[in-house]
Structure formats: C-alpha cells, structure tokens
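Going by the numbering used here, the first residue of the sequence shown is number 2, and it counts up by one from there.
We put the beta carbon where it would ideally sit given N, CA and C, even for glycine.
As structure tokens, the structure follows; a few thoughts come after it.
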Amino acid sequence: MPIRPRDSHRWTPDPNDSGRESYNTITENTFHRVRTQPLSTFSIDVDTASYANMRRFLNQGALPPAEAVRIEEFINYFTYDDAPPTGDHPFSVHVETGECPWNTNHLLTRVALKGLEVPANERPAANLIFLLDVSGSMNRPNKLPLVKKSLAMLIEQLNEDDSIGIVVYAGNSGLVLPPTFADDESAIYAALDRLSAGGSTNGGEGIELAYSVAQDHFVLGGINRVILATDGDFNVGITNRTALTSLIEDKAKSGVFLTVLGFGMGNLQDSTLETLADKGNGNYAYIDSEREAEKVFVEQIAGTLHTIAKDVKIQIEFNPAAVSGYRLIGYENRKLAAHEFNDDKKDAGEIGAGHSVTALYEIIPVGAEGDLPSVDPLKYQKQPVAIGGENERVAGEDVAVDTDASELMTVKLRYKRPDEDISNLIEVPVLNQASPWNETSNDFALSSSVAAFGMLLRHSEYIAEFTFDDVLEIAQGAIGDTPDDHRVEFLELIEKAQNLTTTVESESTTE
C-alpha cells in the first residue's frame with residue numbers, strides 16, 4: 002500500500018528515549034551604546050527548528066535546555082499579517098515601535114520582512130532529491146516512519162512538471178529512486194515503502210551522491226534542492242563538522258539549495274544540522290509530528306521549496322540623538338561585522354516565497370535609564386566610533402551626533418536574487434514614534450510575547466520580573482478573533498512551561 006498521511010496529531014514519545022543531543026552554545030546579546038557602536042548587522046534566519054524542538058520537550062514533560070532555545074526561530078515560527086511587496090523587490094519591509102512589555106522604560110522595535118507570495122500554478126518546476134538517513138538510529142516510530150509520512154505530504158503538493166529522486170545513506174549510500182516525475186506516484190511510493198533502517202551513518206558519502214544526482218538533472222530557471230532528513234547522527238565517513246561544513250559550502254556553489262529536516266530525540270545533533278542548513282543556502286526545520294510536517298510541506302510548501310532572495314542581510318544604524326542603547330533579541334549566531342554588509346562574497350540567509358522574517362530590538366531612548374557598557378575617555382584621541390565587532394574601531398574620528406531626533410534609526414537591507422551574484426540595496430528610514438502598548442498591532446504583541454517566552458526559557462538576565470503569567474496575558478490578547486492552530490497551541494505551551502518551571506522550583510526548594 003502507498004504511504005499516505007494520517008490524521009493523528011502527534012507521536013507519543015518514549016520517556017526512556019534519552020541520549021546524546023548536541024546544541025551550540027549561545028551567548029546572549031548584550032546592550033550596546035549607540036555613541037560607540039551605532040551599527041547592528043546580521044544575517045536573516047527563517048529556520049524554525051528550535052521552536053518545534055522546544056515543543057517536543059514540553060510535550061515530554063521537560064523544560065528544554067537553554068542552548069536549544071534560539072529566540073529568532075521562536076519568533077519566525079509564526080506567520081504574521083504584514084502586507085506582501087508591491088514593488089520590484091521580492092519582499093516588503095515593515096517597522097513598528099512600541100513600549101517594551103518587560104521594561105516600560107525601554108522601547109521595542111519590530112523589523113519585519115514579508116516574502117512575495119507565489120501561486121502554486123506559477124511556481125517553477127522542481128528538481129528535488131530526497132537524501133534520507135536509513136541508519137540504525139532512525140529505527141524509531143518518530144524517525145524513519147515519520148520521514149516517510151512527511152515526504153508523502155510533500156509529494157501530494159507536487160505536479161507533473163516536478164521530479165523526485167531518492168538517495169539513502171547508512172553504511173553505504175545508494176540511489177533508491179532515480180529522478181522520476183511526480184505524477185508517477187506508484188514508483189515513488191513503492192520506493193518509499195522499501196526503505197528500512199539499519200547500519201551506521203555515512204552522511205558525507207550520501208551528501209556527495211545527492212548533490213551529484215541533483216546537478217545531473219539541474220533545471221535551468223527552476224527549483225533545484227536537496228532535502229536531507231536525519232537525526233544528524235553522523236558516525237561513519239565524514240564525521241568532523243568542519244569537514245561536513247566545507248563540503249556543504251562547496252556544494253552550495255552549484256546552485257542547488259538545501260533543506261534540512263531533523264527528526265527524533267535522544268541523539269538529535271541539532272548543532273550539526275543547523276550549521277549544514279546555514280552553509281548550504283537552506284533552511285532547517287524540526288519535525289516532531291505529522292502536524293508539523295503538514296505545516297512545512299503543505300501550509301508553507303512555497304516557502305519551503307521556492308527561494309525568492311538569497312544572502313539577505315540587515316544593517317540598522319541608530320540615531321544617537323534618539324537612542325542611547327540597543328539590544329538585538331536573538332540572532333546570536335547570525336551576527337556579522339559591519340563591513341560584511343557590503344561584501345557580496347559573505348554568505349547570509351535565504352527567504353522563501355511567502356516567508357515572514359521578524360527581528361526585535363530592545364531600545365533605550367535618550368534620557369531613559371539603562372545598563373550600558375562604558376569606557377574611560379581616551380587620552381590621545383577623541384572617542385572612537387565602533388562600527389563592527391568588539392575589536393573593530395575607527396580611531397581618531399569625532400562622534401557625529403545628529404541633533405535632529407526625528408528619526409529613530411535607518412534600516413538597510415541587502416539581498417541577491419537566486420540566480421544573481423550582485424546584491425540589491427533597500428533603505429528605510431524609521432521615524433522616532435512609539436505607540437502605547439494598547440495601540441500596537443497583534444503582530445507586535447505576538448512577537449513580543451514569543452520573545453519573552455524564549456527569554457524566560459533561556460533564563461535571560463534582561464527579562465527582569467516578567468513571568469509566564471505576563472507572557473500568557475500578552476499572547477491571549479494577540480492571537481486575534483480567528484487564531485490559527487499554531488497561535489492557540491502557543492498558549493498551551495506557555496502553560497506547560499509555567500507548570501514545569503513551578504515543579505522544578507518546588508523540587509529545588511525541598512531539596
């Protein structure tokens with residue numbers, strides 16, 4: 002029988018399934034003084050894996066480790082109501098400033114991008130190569146069986162112009178299905194049915210073969226993508242993450258983009274999968290349920306497959322007449338030096354059709370209280386202006402203070418079209434206008450509550466006395482009159498996190 006999606010909502014995890022999960026260390030962004038560091042530069046990120054992985058922990062009855070919480074992926078998990086572009090650029094830019102809910106002396110600015118919507122009948126033909134991990138570690142109900150069901154959902158969304166190939170890897174890699182047009186469902190489902198898990202994991206060899214097949218069947222002007230589905234447990238062949246990263250970076254130059262899908266628990270190598278997606282011109286999602294597979298492969302199929310802009314970078318210049326200090330919330334592993342904004346050789350993130358990308362800045366207005374770093378006055382030159390990382394300085398230049406405080410900041414963006422190598426520039430001035438909290442949009446409130454939720458899970462030093470009750474109150478007022486399932490589920494996750502935190506604190510007190 003062909004594999005078809007079922008209506009069941011979620012796998013029931015095995016509480017005894019534990020092991021060696023791996024996450025990158027995150028050092029939380031601090032406040033910067035505008036007089037010495039007026040520029041904030043980072044690569045956009047549309048990954049959502051961290052949010053789904055957090056949900057998996059909470060549904061198992063455990064709080065996620067702090068390193069597993071990437072706040073930008075929490076925020077970007079949701080779809081917002083920002084208007085799509087109407088001009089020549091493939092995405093629109095929206096900026097909103099309001100009161101900061103966890104520190105009323107500060108402001109919060111939401112910078113949002115909304116990708117161009119592409120109707121299904123206008124989507125270019127797709128050349129998709131599934132690269133599937135069939136090693137022994139994938140022999141769990143929430144791994145290879147869920148991979149099969151997820152891909153079945155994707156296949157249902159394809160048309161006769163799209164082709165599918167399947168490469169598998171374990172101890173050795175192999176071509177299970179040569180590129181086959183999507184309307185030949187019997188051949189495709191038969192190939193999926195034959196898959197079973199066993200053996201060790203030679204991921205590097207599989208990656209080589211998948212990209213080779215994709216390049217051999219490259220569709221000019223179309224979508225060319227490798228879709229890697231794995232728990233990330235590479236233990237044979239190229240196991241060094243640096244070597245894997247170099248391999249993926251080299252393959253990304255071929256014009257074949259990458260989607261990375263993480264599955265399972267116990268040995269999820271999140272750090273490796275995030276890096277592969279980052280370096281492979283791709284995106285990273287974690288599939289913890291059939292419902293999440295439906296989100297990625299049905300609700301957001303265009304964004305998952307169809308890249309509309311690559312190497313998208315944001316640079317904010319803050320006006321020292323209006324802003325004393327600022328802090329970027331999240332994006333810790335996406336920060337760039339200021340000069341890299343204009344460097345078209347510097348890799349950055351990709352935006353898919355219809356994708357929403359949001360970044361939040363906590364801002365200390367001029368005259369407000371804030372804990373800002375300070376240095377002693379210089380003896381031999383006037384105070385320098387920092388324009389990049391901590392060690393980048395321009396010595397001997399006066400600090401230019403614009404006495405006009407009518408503008409809060411200027412948002413600049415650079416991006417390349419998928420088939421181009423020269424970037425385009427967008428520049429948006431932002432007026433120094435902040436709305437009272439009760440006049441901000443639902444999108445502003447929702448993204449604020451999601452960020453605060455992530456900060457609580459990360460034990461952020463900047464969340465002050467804010468509680469899960471406060472987050473819940475904001476989120477309840479932000480979901481709208483006809484909320485989607487993901488926003489409703491968010492309310493449930495807040496309550497689960499609150500209950501687990503209370504339990505942990507209670508047990509700690511009794512000990």
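Item checked: Local conformation of Y212 per DSSP, three classes -> For the purposes of this step, residue 212 is taken as residue 211 along the sequence shown, with counting starting at 1. Looking at Y212 - three-state DSSP - the assignment turns out to be helix.
Next item on the list: Use the C-beta contact count for S164: other C-beta atoms within 10 angstroms, 16 or more gives buried, fewer gives exposed.
Entry: As a working mapping, residue 164 is identified with position 163 in the sequence shown. Residue environment: S164 is assigned as buried (16 or more neighbouring CB atoms within 10 Å of its CB, all protein chains considered).
Check: Hey, would you say V96 sits closer than 8 angstroms to R111, going by beta carbons?
Finding: Within the sequence shown, the letter at position 95 stands for residue 96. Within the sequence shown, the letter at position 110 stands for residue 111. In contact: V96 and R111 (Cβ atoms closer than 8 angstroms).
Note to self: Just to confirm, is the Cβ distance from H107 to I365 under 8 angstroms?
What the structure shows: The residue given as residue 107 occupies position 106 in the sequence shown. The residue given as residue 365 occupies position 364 in the sequence shown. Yes, the Cβ-Cβ distance between H107 and I365 is below 8 angstroms.
Check: Does the distance from the CB of G265 to the CB of R141 come in under 8 angstroms?
Finding: One-based indexing of the sequence shown puts residue 265 at position 264. One-based indexing of the sequence shown puts residue 141 at position 140. It is a contact, given that the beta carbons lie within the stated cut-off.
Check: L432 bridges to which residues according to DSSP?
Finding: By one-based count along the sequence shown, residue 432 stands at place 431. As computed with DSSP, L432 is found in a beta bridge with E408.
Margin query: Using CA atoms only, rank isn't needed, just tell me which of Q434, K417 and E421 is closest to I427.
Written below: By 1-based counting over the sequence shown, the position of residue 427 is 426. Taking only the C-alpha atoms, the option nearest I427 is K417.
Notebook entry, point to check: Between the C-alpha atoms of G99 and P65, what's the straight-line distance to the nearest angstrom?
Noted result: Counting from 1 along the sequence shown, the entry for residue 99 is found at position 98. Counting from 1 along the sequence shown, the entry for residue 65 is found at position 64. Roughly 30 angstroms separates the two Cα atoms.
Item checked: Rounded separation between S23 and A354 - CA only -> For the purposes of this step, residue 23 is taken as residue 22 along the sequence shown, with counting starting at 1. For the purposes of this step, residue 354 is taken as residue 353 along the sequence shown, with counting starting at 1. If I take the Cα positions, the gap works out to 31 angstroms.
Next item on the list: Would you check if the region 355 to 362 and the region 110 to 125 touch, i.e. whether three or more CB-CB distances between them fall below 8 angstroms?
Entry: Because the criterion of three Cβ pairs below 8 angstroms is met, the region 110 to 125 and the region 355 to 362 touch.
Check: Does the separation of the CB atoms of A286 and L269 fall below 8 angstroms?
Finding: Within the sequence shown, numbered from 1, the residue matching residue 286 stands at position 285. Within the sequence shown, numbered from 1, the residue matching residue 269 stands at position 268. A286 places its beta carbon 8 angstroms or farther from that of L269.
Next item on the list: Can you grab the Cα-Cα spacing for the pair N122 / A465, in whole Å?
Entry: On the sequence shown, residue 122 is found 121 positions in, with the first residue counted as 1. On the sequence shown, residue 465 is found 464 positions in, with the first residue counted as 1. In this model, N122 and A465 are separated by some 49 angstroms (Cα to Cα).
Notebook entry, point to check: Hey, would you say N25 sits closer than 8 angstroms to N500, going by beta carbons?
Noted result: Translated into the one-based positions of the sequence shown, residue 25 becomes position 24. Translated into the one-based positions of the sequence shown, residue 500 becomes position 499. No; because the gap between Cβ atoms is not below 8 angstroms, this pair is not in contact.
Next item on the list: At 3 residues or longer, and completely inside the region 442 to 466: list those beta strand (DSSP E) runs for me, N to C.
Entry: Here no run is fully enclosed.
Next item on the list: Let me know if I423 comes out buried or exposed under the rule of 16 or more other beta-carbons within 10 Å of its beta-carbon.
Entry: Along the sequence shown, one-based indexing puts residue 423 at 422. By the neighbour-count criterion, in which a residue is buried when 16 or more other Cβ atoms sit within 10 angstroms of its Cβ, I423 is exposed.
Checklist line | Nearest-angstrom Cβ-Cβ length linking F467 and A453, presumed shorter than 8 angstroms | finding: Here the question's residue 467 lines up with position 466 in the sequence shown. Here the question's residue 453 lines up with position 452 in the sequence shown. Right, the Cβ-Cβ distance comes to about 6 angstroms (below 8 angstroms), so this counts as a contact.
Next item on the list: List the endpoints of the continuous alpha helix (DSSP H) containing A476.
Entry: Along the sequence shown, read from residue 1 onward, the residue named residue 476 stands at position 475. For A476, the enclosing alpha helix (DSSP H) stretches over residues F469 to A479.
Check: What does DSSP give as the partner residues of Q270 in its beta bridges?
Finding: By one-based count along the sequence shown, residue 270 stands at place 269. By DSSP's assignment, Q270 forms a beta bridge with S23.
Next item on the list: Look up D312 in the DSSP assignment and say whether it is helix, strand or coil.
Entry: The sequence position of residue 312 within the sequence shown is 311, counting from 1. In the three-state reduction of the DSSP assignment, D312 falls in the strand class.
Next item on the list: Please classify I427: does DSSP put it in a helix, a strand, or coil?
Entry: Numbered from 1 along the sequence shown, position 426 holds the residue referred to as residue 427. Here I427 sits in strand by DSSP.
Note to self: Only counting the same chain, and skipping five residues up and downstream in sequence, which positions put a Cβ closer than 7 angstroms to that of F298?
What the structure shows: The sequence position of residue 298 within the sequence shown is 297, counting from 1. Close CB contacts of F298 within its chain, under the 7 angstroms cut and outside five residues either way in sequence, are with S151, M154, L155, Q158 and T305 (chain order).
Check: In three-state terms, what does DSSP make of F32?
Finding: The residue you call residue 32 lines up with position 31 of the sequence shown. Coil.
Margin query: At the level of alpha carbons, what is the spacing between H460 and A84?
Written below: Locating residue 460 in the sequence shown gives position 459, counting from the first residue. Locating residue 84 in the sequence shown gives position 83, counting from the first residue. Their Cα atoms are separated by approximately 34 angstroms.
Note to self: Rounded to the nearest angstrom, what separates S187 and M139 at their Cα positions?
What the structure shows: Position 186 of the sequence shown, counted from the first residue, corresponds to residue 187. Position 138 of the sequence shown, counted from the first residue, corresponds to residue 139. Taking the straight line joining both Cα atoms gives about 24 angstroms.
Next item on the list: Sort F92, S93, S407 and V376 by Cα distance to N320 and report the nearest one.
Entry: As a position in the sequence shown, residue 320 is number 319, starting the count at 1. Taking only the C-alpha atoms, the option nearest N320 is S407.
Check: Assuming L129 contacts V148 under a Cβ cut-off of 8 angstroms, what Cβ separation, rounded to an integer in Å, is found between them?
Finding: Along the sequence shown, one-based indexing puts residue 129 at 128. Along the sequence shown, one-based indexing puts residue 148 at 147. Actually they do not touch by this definition, with Cβ atoms about 14 angstroms apart.
Next item on the list: Closer than 7 angstroms by C-beta to Q216: which residues in its own chain qualify, once you throw out the five before and the five after it? Chain order, please.
Entry: As a position in the sequence shown, residue 216 is number 215, starting the count at 1. Result list for Q216: S255 and V257, in chain order.
Next item on the list: Could you check the C-alpha separation between R419 and N225 for me, to the nearest Å?
Entry: Counted from its first residue, the sequence shown places residue 419 at position 418. Counted from its first residue, the sequence shown places residue 225 at position 224. Checking the displayed sequence, the identity of residue 419 turns out to be Pro instead of Arg. Taking the straight line from one Cα to the other gives about 11 angstroms.
Margin query: Let me check one thing: in DSSP terms, what residues is R415 bridge-paired to?
Written below: The residue given as residue 415 occupies position 414 in the sequence shown. Paired residues: K314 and L426.
Next item on the list: Please classify E535: is it buried, with 16 or more other beta-carbons within 10 angstroms of its beta-carbon, or exposed?
Entry: The structure shown does not extend to residue 535, since the chain is modelled only from 2 to 512, so the question has no answer here.
Notebook entry, point to check: Can you tell me the Cα-Cα spacing of Q382 and D271, whole angstroms?
Noted result: For the purposes of this step, residue 382 is taken as the residue at position 381 of the sequence shown. For the purposes of this step, residue 271 is taken as the residue at position 270 of the sequence shown. Straight across, the Cα-Cα distance linking Q382 with D271 is about 46 angstroms.
Note to self: In whole angstroms, give me the CA-to-CA distance for F32 and H218.
What the structure shows: If you number the sequence shown from 1, residue 32 lands on position 31. If you number the sequence shown from 1, residue 218 lands on position 217. About 49 angstroms.
Check: Taking the alpha-carbon positions, what's the V505 to I495 distance?
Finding: Position 504 of the sequence shown, counting from 1, holds the residue named residue 505. Position 494 of the sequence shown, counting from 1, holds the residue named residue 495. Rounded to whole angstroms, V505 to I495 spans 15 angstroms at the Cα level.
Margin query: What does DSSP give as the partner residue(s) for D134 in the beta ladder?
Written below: Within the sequence shown, residue 134 is the residue found at index 133, counting from 1. D134 is bridged to Y170.
Notebook entry, point to check: Is E74 closer than 8 angstroms to D46 when the C-beta atoms are compared?
Noted result: Within the sequence shown, numbered from 1, the residue matching residue 46 stands at position 45. Within the sequence shown, numbered from 1, the residue matching residue 74 stands at position 73. It is a contact, given that the beta carbons lie within the stated cut-off.
Notebook entry, point to check: Quick one: what's G111 bridged to in DSSP?
Noted result: Counting from one through the sequence shown, the residue named residue 111 turns up at place 110. The sequence given here places Arg at residue 111; Gly does not occur at that position. Note: R111 is bridge-paired with E97 and L361 in the DSSP secondary-structure output.
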